[in-house]
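Heads up, the thing below is written out as structure tokens.
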Amino acid sequence: MFVFAIAVVFKLCTIQFVQGDAYRELAEERTSQNKDIPANRGNVYSADGSLLATSIPKYDIRIDAIQPKKGLFNSLVKPLADSLSQYSGKSSSYHLNRIKKARLDKNRYFLLARDISYSDYIRIRNFPMLNLGAIKGGLIVTQEEKRDHPMGGIAERTIGYEKIDEDGNVTRPGIDGYFGKKYLRGTNGKRLMQKIGNRKWKPIVDYDQVEPQDGYDVYTTIDVNIQDIAHYSLLGQLEKYEADHGCAVVMDVKTGEIKAISNLGRSKSGSYYERLNYAVGESHEPGSTFKVMAFMAALEDKVIDTSTMVDTKRGSKRFYGRTITDSRGYGEISAARALEVSSNIGLATLIDDNYSKQPKKFINRLKSWKLHDTLGISIIGEGKPVIPEPGDAIWSKNALPSMAYGYNLRMTPLQTLTFYNAIANNGEMLRPRFINAVKEFDREVETFEKEVINQKICSDKTLGEIREILKNVVVRGTGNRMYSKNFSMAGKTGTARTEYNNAEEWRKDRKYISSFAGYFPADNPKYSCIVVIHKPSTKIGIYGADVAGPVFKRIAKKIYTETPLIDELESLEVVDEKIDEQYEFFYKTAQLHKRIMPNVVGLPAMDALALLENMGLKVNMEGTGTVKSQSINKGLKIKPNQIIVLRT
Numbered sequence: 023m024f025v026f027a028i029a030v031v032f033k034l035c036t037i038q039f040v041q042g043d044a045y046r047e048l049a050e051e052r053t054s055q056n057k058d059i060p061a062n063r064g065n066v067y068s069a070d071g072s073l074l075a076t077s078i079p080k081y082d083i084r085i086d087a088i089q090p091k092k093g094l095f096n097s098l099v100k101p102l103a104d105s106l107s108q109y110s111g112k113s114s115s116y117h118l119n120r121i122k123k124a125r126l127d128k129n130r131y132f133l134l135a136r137d138i139s140y141s142d143y144i145r146i147r148n149f150p151m152l153n154l155g156a157i158k159g160g161l162i163v164t165q166e167e168k169r170d171h172p173m174g175g176i177a178e179r180t181i182g183y184e185k186i187d188e189d190g191n192v193t194r195p196g197i198d199g200y201f202g203k204k205y206l207r208g209t210n211g212k213r214l215m216q217k218i219g220n221r222k223w224k225p226i227v228d229y230d231q232v233e234p235q236d237g238y239d240v241y242t243t244i245d246v247n248i249q250d251i252a253h254y255s256l257l258g259q260l261e262k263y264e265a266d267h268g269c270a271v272v273m274d275v276k277t278g279e280i281k282a283i284s285n286l287g288r289s290k291s292g293s294y295y296e297r298l299n300y301a302v303g304e305s306h307e308p309g310s311t312f313k314v315m316a317f318m319a320a321l322e323d324k325v326i327d328t329s330t331m332v333d334t335k336r337g338s339k340r341f342y343g344r345t346i347t348d349s350r351g352y353g354e355i356s357a358a359r360a361l362e363v364s365s366n367i368g369l370a371t372l373i374d375d376n377y378s379k380q381p382k383k384f385i386n387r388l389k390s391w392k393l394h395d396t397l398g399i400s401i402i403g404e405g406k407p408v409i410p411e412p413g414d415a416i417w418s419k420n421a422l423p424s425m426a427y428g429y430n431l432r433m434t435p436l437q438t439l440t441f442y443n444a445i446a447n448n449g450e451m452l453r454p455r456f457i458n459a460v461k462e463f464d465r466e467v468e469t470f471e472k473e474v475i476n477q478k479i480c481s482d483k484t485l486g487e488i489r490e491i492l493k494n495v496v497v498r499g500t501g502n503r504m505y506s507k508n509f510s511m512a513g514k515t516g517t518a519r520t521e522y523n524n525a526e527e528w529r530k531d532r533k534y535i536s537s538f539a540g541y542f543p544a545d546n547p548k549y550s551c552i553v554v555i556h557k558p559s560t561k562i563g564i565y566g567a568d569v570a571g572p573v574f575k576r577i578a579k580k581i582y583t584e585t586p587l588i589d590e591l592e593s594l595e596v597v598d599e600k601i602d603e604q605y606e607f608f609y610k611t612a613q614l615h616k617r618i619m620p621n622v623v624g625l626p627a628m629d630a631l632a633l634l635e636n637m638g639l640k641v642n643m644e645g646t647g648t649v650k651s652q653s654i655n656k657g658l659k660i661k662p663n664q665i666i667v668l669r670t
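Numbered per the working numbering, the sequence shown spans residues 23 to 670.
Structure (structure tokens):
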């Protein structure tokens, strides 16, 4: 027992004096640490400075119930309970009993108020006992930033957010997510905190060891007026056709700026909200909107022209054992007319006849337009396009005619719109852009200009022909119900089957994708736009012209009736040399001749009248126009009120 006691004493001395510093340091490290204080996240603004997303600080107020000394606690607990009663509306005795119980339970992290604003935080921290701070009064304040969207659900998926869970996994949709790490997050600060058990930490002092640095602000290209128009135009049509989901995007033709992007999906209750970013992330078979790409490839390769005749039969034709149909038979029509009426047979025949022996030529033309690549936009999660080619698993003899009218390939709505925007922009293909600038207050940190993907997608001849056809689609083609003599639009309708792998099930429950892509005004395009609506009710309507077309038209008309247009004049002064010469002659004559008759032959009658009356003469005018003769000859001395006759 003596030896055992000696060993224990020896070990205690070793721990205390030899290893003491190391153990004390370890204990300090486990109970006290510098914890991160999140920086204020930067704001997200629209193009005109309207606030789209901002961080609002929220505070939790707690008390370390055993930190205040006994006498101090007993003297101030009742005034604290009274103050909390005035703030919360609950009785003073309710708060008094809870705080006293927390002290008996030795609760060092007792909650007094949760998720309060900054003004409430200032008010509560000045209550009795809490105003003594962390050391004397036991005050514990934790702050958390919460993201708020002042515009509500409008463009919520595109604005996005950034969430980091306890395991460090990051979810980063939209602009807020993409630019979070580089610009919006800021730099976290540090505060010394003490572990009080159950994975909870409390601040040891009221100040930060390292102050956090706020994030930068991001200014988007979104126009809140156009965004509002697109959102409610799409919403109304989704509700009318009881569709599953849809999207609408508006792009500035010359800059590639996305002025509006709305993505609405249907909830279980039947209402619509910004469920997913369909315009950016959903890659699907585009249907007839792709016919424009196929037609332009054939024009550019010079295998057809707009007057090439094609036999569309009576609305049904077999291709390699598979039947392709049209909504009705058109017989033999021109290639241009086939596109205007959106003939599946017409486009399939034109492409198959000219490319079946060399399909790579057709595919390479599509690849030259970068249709097989993602756009590389500043939003995470862009859907990947699929353009098959010989050798791929989905390639067959039917692949080429199917691609001609928008099947057997995949594109996102934004990728389709980018191509149509290039048509409107005289062939220059631009990368869609969501950001204008990054700022720190008024200082510009970084600005973003237009990015060119392809300087010229095709010849001016092809461009002129396709633009004329797209106008005619609205005037006399499948989009004729959209036509307005007061407002010009150009574009292409699209109606595609979806989820049709099981033919039998599809016939029982038919599903379609209705779309319209184009630009406006037709002759001098300012904006391009695409509308895609998935699975409208077949009982109400399915065709692109009926389902998606009215949304496009409503957006186009409202933009030009509700969005102010400002033209800047360089100068109000207009120089006209002839008028200036006449004025100089008139002025010199008036200065030289006070009492001597001037020669007014050749002057305009009104100028001669003004000149002579100012000299004191009474003028009788015969006729109008330019003076041809005068009754008093040039050089003679005149008298006041003398009469002169001018003939013109």
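Glycine included, each C-beta is placed from N, C-alpha and C at the ideal position.
Practice problem: Could you tell me the distance, in whole angstroms, from the CA atom of R297 to the CA atom of A270? | Solution: On the sequence shown, position 275 is the one that residue 297 refers to. On the sequence shown, position 248 is the one that residue 270 refers to. Looking at the two C-alpha atoms, the distance is approximately 14 Å.
**Request:** Give the range of the alpha helix (DSSP H) segment to which K281 is assigned.
**Result:** To locate residue 281, count along the sequence shown from 1; it is residue 259. Note, K281: premise wrong, no alpha helix (DSSP H); beta strand (DSSP E) at 280-288.
Checklist entry - What residue from D137, E166, V302 has the CA that sits closest to R179's CA? => result If you number the sequence shown from 1, residue 179 lands on position 157. Among D137, E166, V302, the Cα nearest to that of R179 is on V302.
- Report the residue from N458, L658, Y300, N655 whose alpha carbon sits nearest the alpha carbon of D245. For this step, residue 245 is matched to residue 223 along the sequence shown. The shortest C-alpha separation from D245 is found at N458.
Worksheet item: Taking the C-alpha atoms as reference points, what is the distance between I618 and V641?
Response: The residue labelled residue 618 in the question sits at position 596 within the sequence shown. The residue labelled residue 641 in the question sits at position 619 within the sequence shown. So the alpha carbons of these two residues sit roughly 15 Å apart.
At which residue ranges does the stretch 462-505 contain complete beta strand (DSSP E) runs of 3 or more residues, listed in the order of the chain?
465-469, 474-476
Notebook entry, point to check: Counting pairs of beta carbons, one from the stretch 559-566 and one from the stretch 529-549, are three or more of them closer than 8 Å?
Noted result: yes
#### Entry: Spatial neighbours of T560 in its chain, beta-carbon cut-off 6 Å, leaving aside the 5 residues before and after
What you label residue 560 is simply residue 538 of the sequence shown in a count that begins at 1. Within the same chain, T560 has close Cβ partners R532.
Name the residue from I181, G657, M451, P381 whose alpha carbon lies nearest to the alpha carbon of P172. Along the sequence shown, one-based indexing puts residue 172 at 150. The residue with the shortest Cα to Cα distance from P172 is I181.
When the distance is taken between beta carbons, is G237 closer than 7 Å to R207? The count along the sequence shown starts at 1 and reaches residue 207 at position 185. The count along the sequence shown starts at 1 and reaches residue 237 at position 215. Yes, these two residues count as a Cβ contact at 7 Å.
Can you say whether R336 is buried or exposed, counting buried as having 16 or more other CB atoms within 10 angstroms of its CB? Along the sequence shown, one-based indexing puts residue 336 at 314. Per the 10 Å Cβ criterion, exposed.
Check your understanding: Buried or exposed: where does M331 fall if 16 or more other Cβ atoms within 10 Å of its Cβ makes it buried?
Key -> The residue labelled residue 331 in the question sits at position 309 within the sequence shown. It is exposed - the Cβ of M331 has fewer than 16 other Cβ atoms within 10 Å.
Evaluate G368 with the Cβ neighbour count: other Cβ atoms within 10 Å of its Cβ, from every protein chain shown; 16 or more gives buried, anything less gives exposed. Here residue 368 refers to the residue found at position 346 when the sequence shown is read from its first residue. Looking at its Cβ environment, which holds 16 or more other Cβ atoms inside 10 Å, G368 is buried.
Q. Hey, V649 and A630: beta-carbon distance below 7 Å or not?
A. Locating residue 649 in the sequence shown gives position 627, where the first residue counts as 1. Locating residue 630 in the sequence shown gives position 608, where the first residue counts as 1. Yes, Cβ-Cβ distance for V649 and A630 is below 7 Å.
* What are the start and end residues of the beta strand (DSSP E) that includes N523? -> Counting from 1 along the sequence shown, the entry for residue 523 is found at position 501. Element bounds for N523: n/a, residue is neither H nor E.
*In terms of alpha-carbon separation, which member of I37, Q235, V408 lies closest to T396?*
Sequence index remark: in the sequence shown, residue 396 carries index 374 (1-based). Checking every option, the nearest Cα to that of T396 belongs to V408.
| If you count every other CB in all the chains shown that lies within 10 Å of the CB of Y241, and 16 or more means buried, which is it? | Along the sequence shown, one-based indexing puts residue 241 at 219. Buried, because 16 or more other Cβ atoms sit within 10 Å of the Cβ of Y241.
Cα separation between H394 and L388? What you label residue 394 is simply residue 372 of the sequence shown in a count that begins at 1. What you label residue 388 is simply residue 366 of the sequence shown in a count that begins at 1. Whole-angstrom Cα-Cα distance: 8 Å.
### Query
For R498, does the count of other Cβ atoms within 10 angstroms reach 16, so buried, or fall short, so exposed?
Translated into the one-based positions of the sequence shown, residue 498 becomes position 476. The residue is exposed, with fewer than 16 neighbouring Cβ atoms inside 10 Å.
### Message
According to DSSP, is G237 part of a helix, a strand, or is it coil?
### Response
On the sequence shown, residue 237 is found 215 positions in, with the first residue counted as 1. DSSP places G237 in coil when its eight states are reduced to three.
Give a yes or no on whether the C-beta atoms belonging to T243 and F456 are separated by under 7 Å. Reading the sequence shown from its first residue, position 221 is the one you call residue 243. Reading the sequence shown from its first residue, position 434 is the one you call residue 456. Cβ atoms of T243 and F456: closer than 7 Å.
Closest residue to N663 among L126, F95, N636, N447 (Cα-Cα distance): Walking along the sequence shown from the start, residue 663 turns up at place 641. Among L126, F95, N636, N447, the Cα nearest to that of N663 is on N636.
Exercise. Taking C-alpha atoms, which residue in L74, Y205, I85, D82 lies nearest to S400?
Worked result: Start at 1 with the first residue of the sequence shown, and residue 400 comes out as number 378. Considering only alpha carbons, the answer is Y205.
Would L485 and G513 be called neighbours here (beta carbons separated by less than 7 Å)?
Counting from one through the sequence shown, the residue named residue 485 turns up at place 463. Counting from one through the sequence shown, the residue named residue 513 turns up at place 491. Cβ atoms of L485 and G513: not closer than 7 Å.
For the candidate residues E404, P423, D198, whose alpha-carbon lies nearest to that of I385?
-> Looking up residue 385 in the sequence shown gives position 363. Closest option to I385, Cα to Cα, is P423.
Go ahead and pull the three-state DSSP assignment for E166. Numbered from its first residue, the sequence shown carries residue 166 at position 144. Here E166 sits in strand by DSSP.
For T371, three-class secondary structure by DSSP: Walking along the sequence shown from the start, residue 371 turns up at place 349. Here T371 sits in helix by DSSP.
If I measure Cβ to Cβ from K262 and keep anything under 8 Å in the same chain, skipping five residues before and after, which residues do I get? Position 240 of the sequence shown, counted from the start, is the residue given in the question as residue 262. Result list for K262: I562, in chain order.
Cβ atoms of T311 and T358: under 7 Å apart, would you say? The residue labelled residue 358 in the question sits at position 336 within the sequence shown. The residue labelled residue 311 in the question sits at position 289 within the sequence shown. With the sequence shown as reference, residue 358 is identified as Ala, and Thr is not the correct amino acid for it. Going by C-beta atoms, A358 is not nearer than 7 Å to T311.
Practice problem: Determine which residues share a DSSP beta bridge with I138 and list them. | Solution: Within the sequence shown, the letter at position 116 stands for residue 138. Answer by DSSP bridge pairing, in chain order: Y81.
Could you check the C-alpha separation between I326 and K557 for me, to the nearest Å?
Residue 326 sits at position 304 when you count from the first residue of the sequence shown. Residue 557 sits at position 535 when you count from the first residue of the sequence shown. In a straight line, the C-alpha of I326 is about 35 Å away from that of K557.
(request) Apply the 10 Å Cβ neighbour rule to C35 and answer buried if 16 or more other Cβ atoms are within range, or exposed otherwise. (result) Looking up residue 35 in the sequence shown gives position 13. By the neighbour-count rule (16 or more Cβ atoms within 10 Å), C35 is not buried but exposed.
Original post:
Who are L536's beta bridge partners in DSSP?
Top reply: Here the question's residue 536 lines up with position 514 in the sequence shown. The amino acid occupying residue 536 in the given sequence is Ser; Leu does not appear at that position. Paired residues: T517, I555.
(Q) I need the boundaries of the beta strand (DSSP E) containing H338, first residue and last residue. (A) On the sequence shown, position 316 is the one that residue 338 refers to. Sequence check: residue 338 is Ser here, not His. Residues 338-341.
- Report back the beta-carbon spacing between C551 and A518 to the nearest angstrom; my notes put them in contact at under 8 Å. In the sequence shown, counting from the first residue as 1, residue 551 sits at position 529. In the sequence shown, counting from the first residue as 1, residue 518 sits at position 496. So it is not a contact: roughly 18 Å between Cβ atoms.
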